[in-house]
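*Asks:*
There are 2 protein chains.
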Amino acid sequence: MNQDYQTLTSHIEKMAALRAALTLFDWDTETTAPPKSLELTARMVGQLSSLDFEALVNDEVRKLLQRLAEADDLTPAQAAVVRLLRKELENMEKIPPKEYRAFCELQARATSVWAQAKQNDDFDAFAPVLADMIGYVKKFAGYRRKEGQSLYDAELNEYEEGFTKEVLDPFFALLKEKIVPLLKKAAAKNASFDKSVLRRRFEIEKQKEFNRWLAGYIGFDFDRGVMAESEHPFTTELHNHDVRITNHYHEEAVENAIFSTIHEGGHAIYEMNVADELTQTPAGGGASCGMHESQSRFMENMLGRSHAFWEPVYPKLKEYFPEQLGELALNDFVRLINKAEPSLIRTEADELTYCLHVMIRYELEKELIDGDLSVEELPQAWNDRYEAYLGVRPQNDREGVLQDIHWSQGSFGYFPSYALGNAFAAQIYHAMKKDLAVEECLRNGDLRPIRDWLKEKIHRFGQVKKTRQLLREATGEDFNPQYYIDYLTEKFTKLYELETE
Amino acid sequence: MNQDYQTLTSHIEKMAALRAALTLFDWDTETTAPPKSLELTARMVGQLSSLDFEALVNDEVRKLLQRLAEADDLTPAQAAVVRLLRKELENMEKIPPKEYRAFCELQARATSVWAQAKQNDDFDAFAPVLADMIGYVKKFAGYRRKEGQSLYDAELNEYEEGFTKEVLDPFFALLKEKIVPLLKKAAAKNASFDKSVLRRRFEIEKQKEFNRWLAGYIGFDFDRGVMAESEHPFTTELHNHDVRITNHYHEEAVENAIFSTIHEGGHAIYEMNVADELTQTPAGGGASCGMHESQSRFMENMLGRSHAFWEPVYPKLKEYFPEQLGELALNDFVRLINKAEPSLIRTEADELTYCLHVMIRYELEKELIDGDLSVEELPQAWNDRYEAYLGVRPQNDREGVLQDIHWSQGSFGYFPSYALGNAFAAQIYHAMKKDLAVEECLRNGDLRPIRDWLKEKIHRFGQVKKTRQLLREATGEDFNPQYYIDYLTEKFTKLYELETE
């Protein structure tokens, strides 16, 4: 092995341990820790973060990475680790430590100001903090951007390398052109989709049992994973032998937990399938936010909302809830779980409207960072766009511009990954169907061939290959949003019995 | 503040964070982690342990502690932190690193050899490893001991400062003289204690509910604490605002979980009551193993097995289990939970026999370390003592000398703390009764005055005062085992209607 890489390994192991500790504290805070523990625990988490920072940002690691950037005897996995650590180190070093500390302080304050403002429906209380936050984001993007690059493109690059405005503008334009009218046609026929049967009382203990079974059914390995409860469902991992998902159960909305299980299960199976040689290294996780989201959305929507998926699964669900679902036929169940309803809240959106929620945020972020939209004009701009694209107008900022936490954390350029994930999923689905009789697998209740395909083409590589390369190699072509448009158009035209153009 | 202490603080915070992370990993392994995660997680835990070692064992901390040992402007809390860190550092530095690593390796191997040997009832497989382990323990004790000190006293000093053989020999002699005959008289009358009613089926979900209620009743604060499940009940803490206990439920032994709740609750309340200025420092935990055990045993036995305690609580238990307990009167319930039965397994022992199990281990350890008992002679010596003191003889080593994990971990000198804890508890109880109408508090269902007394006299000091000092100040006299003898004699003479001498 390259001598420098050998030396780097001890630093990597230290970082891996500290990051795992931070992950475990996060997990514990969301699932277990007592309410009054947080303040004292935060001090310890702060200490561990500092140790993690020092483990990367020091002369020895800097010199090792400089030399390793030139090395020609690294394995692909080692080269990826070096590339990722260099990017992380450079990003940190470009920002003056004083400014970074001020940003972290603002971030902590901004999220709590935001939470308060949301609770009180008081955008004015949040506006000055948001303006400061945008100031920092622009300043830092200025430090990081390549010559000639726009500030927003520099931010986009942090989340999804290679997906600049040049790629995203036509993607969202296509969505606007095709999906906005499709949604309007569908929504007009919603009277025949009555979800009240899914609003009966579904005992939570039984839901838990069913969802545990369902997680195992789709391929979540309980020998290497844990399923717990938290306020909002999420996935996290310590390494590929310890991947954890959470759920949240609602007595009168049985489908919520079901689709959380399938969604988080999709994320988790990705992490469980990362190669052993990568786990516990910086190249150990999924390739990018968008690629991760593609795996959860593929599992949740392409598979989990399909008729074929529910053919063997729905009878099982009925066994758990014979009284509630007795009269609801499989076909009707599948119609209901696919109902497309324009709504105000992104996190509650259905498959068809979801990308439009993201589109609105993309347009606004772009104008806030690269354009001249001011924070004062933001609520109005938000509401106008909801009305134009979704046909619904927020009655207050709480269900409007204040709904998401992201901007208060300084995350600009992250939202597009949610839409990209869906588009990647559709492109991957198209490619998979050339190799595999996907629906037949679903009907047979055997998802293994599907998981094996994903593992072989995507999961095992962790972050060794970048998202765009993975997509190219797995599907045989570069990013092509047309598959997503086609998928949605075909599915919802059929579901809503719309006239084809 | 003393400048050196100020500087030391940043090191202390680092250690506190790393130790909290290690504690959290332990907790997670026992309560949550998936079965196949352990191997990869162990690597991370090893890394964090190394970081913790380096945080203490380095030139800067060494020099700071040297100077601080001479400082005269430290608060009692600061002085305690310096004393504890110096002791820890010195202990580590006296052992050559190479030998310490070899010991750690042996330790890891020995516990798994022991587990295997226990499973196969094969002492011969364990004997050579145990002999090696004793070799290391003697060697390390040799490095640590003060001039003229015996090796076993040096070990005892690690767990319970000031409780040398000179103190323990008369303590155990008194137990042997008084408790062995008392147990024999009681055991002869056991026919009238029929526990079968407690062996009915007690639904685990209901047990959980009741034990959660019970934990809160005795004073466990769920805003600052968590109760979960694990194979063996234990208590752990991240700081005084995050204290955690576990339990294990047996469907056909309802009292097991109940007394685990009260026992671990006693440990937990101690930790919750440590002063805020001490938590997250090395002086933040309980004063010693023995003092900790005194708090759990006081809660479990002196309070939790008393008639007065159950007067308000038993009706509540009956509400949960009306069918199982309907015909069992309070008096009979209290008799059954106090039944004294000579048995082979320490962890299942009742209040009266428990100290005799410990006495046997004390005698054997002393002879193994300071005397000439060989490992080969150990099983026979073990069995002979069980027969002599408890009147029962193990039929195999699995229920004999192989039952405890401690020796395989190299813990010699730890067992006596278990017995000391009981004796401290009796001495504390005696002192408390001078200030408080303890039984009246119990009858009224208000344990707060009892907790307040313990907090004021013991808990809040953390490790600022040593155990023997705490005991002296809380009870007005030095360690006096007579209170324990009197307590047991009075309680079991009455319970078993024995003739008084």
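As you go down the protein sequences, you meet chains A and B in turn. Position 200 of the first sequence, counting from 1, maps to 200 under our numbering, and the rest follow consecutively. Position 352 of the second sequence, counting from 1, maps to 1352 under our numbering, and the rest follow consecutively. A virtual CB, placed ideally from N, CA and C, is assigned to each residue, including glycine. Given the structure is predicted, the values throughout are model-derived calculations rather than measurements.
Could you give the first and the last residue of the continuous beta strand (DSSP E) run that contains H239/A?
*Replies:* That run of the beta strand (DSSP E) goes T235 to H239.
*Asks:* According to DSSP, simplified to helix, strand and coil, what is V334/A?
*Replies:* Correct three-state label for V334/A: helix.
*Asks:* Note down, in chain order, each residue of its chain lying with its Cβ closer than 7 Å to the Cβ of Y270/A, except the 5 sequence neighbours on either side.
*Replies:* Excluding positions up to five away in sequence, the list reads G286, H292, Q295 and H459.
*Asks:* Can you look up R244/A in the DSSP assignment and give me helix, strand or coil?
*Replies:* R244/A: strand per DSSP, three-state reduction.
*Asks:* Taking Cβ positions, are L1330/B and E1351/B nearer each other than 8 Å?
*Replies:* It is not a contact, given that the beta carbons lie outside the stated cut-off.
*Asks:* Where does T1075/B land, buried or exposed, given buried means 16+ other C-beta within 10 angstroms?
*Replies:* It counts as exposed.
*Asks:* Tell me which residues share the same chain as Y386/A and place their Cβ nearer than 8 Å to its Cβ, disregarding the 5 neighbours each side in the sequence.
*Replies:* These residues qualify, in order along the chain: L344, I360, V392, R393, P394 and G400.
*Asks:* To the nearest angstrom, report how far apart E155/A and L364/A are at their CA atoms.
*Replies:* Whole-angstrom Cα-Cα distance: 14 Å.
*Asks:* So, using beta-carbon positions, are Q1107/B and Q1409/B closer together than 8 Å?
*Replies:* Taking 8 Å as the Cβ cut-off, Q1107/B and Q1409/B qualify as a contacting pair.
*Asks:* For E229/A, which of helix, strand or coil comes out of DSSP?
*Replies:* Note: E229/A maps to strand in three-state DSSP.
*Asks:* Apart from the five residues just before and just after N1002/B, which ones in its own chain have a Cβ nearer than 8 Å to its Cβ?
*Replies:* Correct list, in chain order: L1068, A1071, D1073, L1074 and Q1078.
*Asks:* Could you tell me which of D1169/B, R1019/B, F1309/B and L1064/B sits nearest to D1004/B, measuring between CA atoms?
*Replies:* Comparing Cα-Cα distances from D1004/B to each of D1169/B, R1019/B, F1309/B and L1064/B, the minimum goes to L1064/B.
*Asks:* With 9 Å as the limit, tell me which residues of the region 28-39 of chain A have their beta carbon closer than that to any beta carbon of chain B; keep them in chain order.
*Replies:* Flagged, chain order: D28, T31, T32, A33, P34, P35, K36, S37, L38 and E39.
*Asks:* For chain A, is any of its Cβ atoms less than 8 Å away from the one on G1462/B?
*Replies:* No, G1462/B lies away from the interface with chain A (no Cβ there is under 8 Å from its Cβ).
*Asks:* Cβ of R1451/B less than 8 Å from any chain A Cβ?
*Replies:* Not an interface residue.
*Asks:* Show which residues of chain A have a CB atom less than 9 Å away from the CB atom of F1222/B.
*Replies:* Simply P34 and P35.
*Asks:* Is F1412/B closer than 8 Å to V1541/B when the C-beta atoms are compared?
*Replies:* Chain B is shown only over 1001 to 1501; residue 1541/B falls outside these bounds and no answer can be derived.
*Asks:* Mapping the DSSP letters down to three states, classify V61/A as helix, strand or coil.
*Replies:* V61/A falls in the helix class under three-state DSSP.
*Asks:* Please list the partners that G225/A has in chain B, where partner means a Cβ-to-Cβ separation under 7 Å.
*Replies:* Ordered by position in chain B, the residues that pass the 7 Å Cβ test against G225/A are P1034.
*Asks:* Taking a cut of 8 Å between CB atoms, which residues from the region 278-302 of chain A lie near chain B?
*Replies:* If the cut-off is 8 Å between Cβ atoms, the region 278-302 of chain A has T279 and Q280 near chain B.
*Asks:* Check whether chain E comes within 8 Å of A17/A, counting only Cβ atoms and requiring the distance to be less than that.
*Replies:* Within the model displayed, chain E is absent; protein chains A and B are what it includes.
*Asks:* For L1183/B versus L1356/B, is the C-beta distance shorter than 8 Å?
*Replies:* The answer is yes: Cβ separation under 8 Å.
*Asks:* Mapping DSSP to helix, strand and coil, what is F1424/B?
*Replies:* Note: F1424/B maps to helix in three-state DSSP.
*Asks:* Within 10 angstroms of its Cβ, does G290/A collect 16 or more other Cβ (buried), or is it exposed?
*Replies:* G290/A comes out buried.
*Asks:* Mind listing which residues of the region 1234-1251 of chain B have their C-beta closer than 7 Å to chain A's C-betas, in chain order?
*Replies:* Within the region 1234-1251 of chain B, the residues whose Cβ lies closer than 7 Å to some Cβ of chain A are L1238, H1239, H1241 and D1242, listed in chain order.
*Asks:* Where does Y1496/B sit, in a helix, a strand or coil, going by DSSP?
*Replies:* Three-state result, Y1496/B: coil.
*Asks:* Can you name the start and end residues of the alpha helix (DSSP H) that W453/A belongs to?
*Replies:* From DSSP, the alpha helix (DSSP H) with W453/A extends over R448 to K457.
*Asks:* Rounded to whole angstroms, how far is the Cβ of M1015/B from the Cβ of D1052/B, which I believe are closer than 8 Å?
*Replies:* That belief holds up - the Cβ atoms of M1015/B and D1052/B are roughly 6 Å apart, short of 8 Å.
*Asks:* Is the CB-CB distance between A1340/B and A1187/B below 8 Å?
*Replies:* Contact: yes.
*Asks:* Measuring alpha carbon to alpha carbon, tell me which of H1011/B, D1122/B, G1046/B and T1009/B ends up nearest N1396/B.
*Replies:* Ranking the options by Cα distance to N1396/B, first place goes to D1122/B.
*Asks:* If you follow the alpha helix (DSSP H) that D26/A is in, where does it begin and where does it stop?
*Replies:* Start and end: Q3 to T31.
*Asks:* Using the Cα positions of K991/B and E1323/B, report the straight-line distance between them to the nearest angstrom.
*Replies:* Not covered by the structure: residue 991/B. The range shown for chain B is 1001 to 1501.
*Asks:* With DSSP as the reference, label E1327/B as helix, strand or coil.
*Replies:* Three-state DSSP puts E1327/B in coil, outside helix and strand.
*Asks:* Are P379/A and A423/A touching if we call contact CB-CB under 8 Å?
*Replies:* Going by C-beta atoms, P379/A is not nearer than 8 Å to A423/A.
*Asks:* By how many angstroms is the C-alpha of A1388/B removed from the C-alpha of E1158/B?
*Replies:* Cα to Cα, the separation comes out at about 30 Å.
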